[in-house]
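Quick notes on the structure that follows.
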Amino acid sequence: MRVSETAVLQNHDASLREPQVQAEDAPSPMAQALIELEETSGSALIETLEDMGMALSGRLKDLQQADLKERLEQRQQALLRMV
Numbered sequence: 306m307r308v309s310e311t312a313v314l315q316n317h318d319a320s321l322r323e324p325q326v327q328a329e330d331a332p333s334p335m336a337q338a339l340i341e342l343e344e345t346s347g348s349a350l351i352e353t354l355e356d357m358g359m360a361l362s363g364r365l366k367d368l369q370q371a372d373l374k375e376r377l378e379q380r381q382q383a384l385l386r387m388v
């Protein structure tokens with residue numbers, strides 16, 4: 306066997322090993338599942354917080370409208386007392 310043939314065989318062996326190294330760098334299915342679970346739970350938490358914010362803002366708006374109605378009634382009663 307010649308030196309050049311040995312070098313070609315070594316390069317060929319090295320090229321076969323490179324995909325295995327890349328496969329080791331890829332995240333495992335378990336790690337991918339954990340990442341996906343974290344993203345899903347994070348988005349679910351964001352949606353829940355948005356829903357809570359909408360519900361609370363609706364309640365605040367209702368309370369403000371009720372407060373305005375009470376003020377109007379008190380003003381009308383005070384006006385009637387003055388008359």
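In the working numbering, the protein residues as written are 306 to 388. All residues carry an ideal CB built from backbone N, CA and C; glycine is no exception. Remember, it's a predicted structure, so these values are computed and weren't measured experimentally.
Length of the line joining the Cα atoms of Ser-397 and Ala-371: Residue 397 is absent from the model: the chain starts at 306 and stops at 388.
Three-state class that DSSP yields for Pro-334 in the structure shown: Taking the sequence shown and counting its residues from 1, one reaches residue 334 at position 29. In this structure, Pro-334 counts as helix in the three-state DSSP scheme.
C-alpha distance - Lys-366 paired with Leu-384, whole-angstrom precision: Locating residue 366 in the sequence shown gives position 61, where the first residue counts as 1. Locating residue 384 in the sequence shown gives position 79, where the first residue counts as 1. Each residue's alpha carbon lies about 27 Å from the other.
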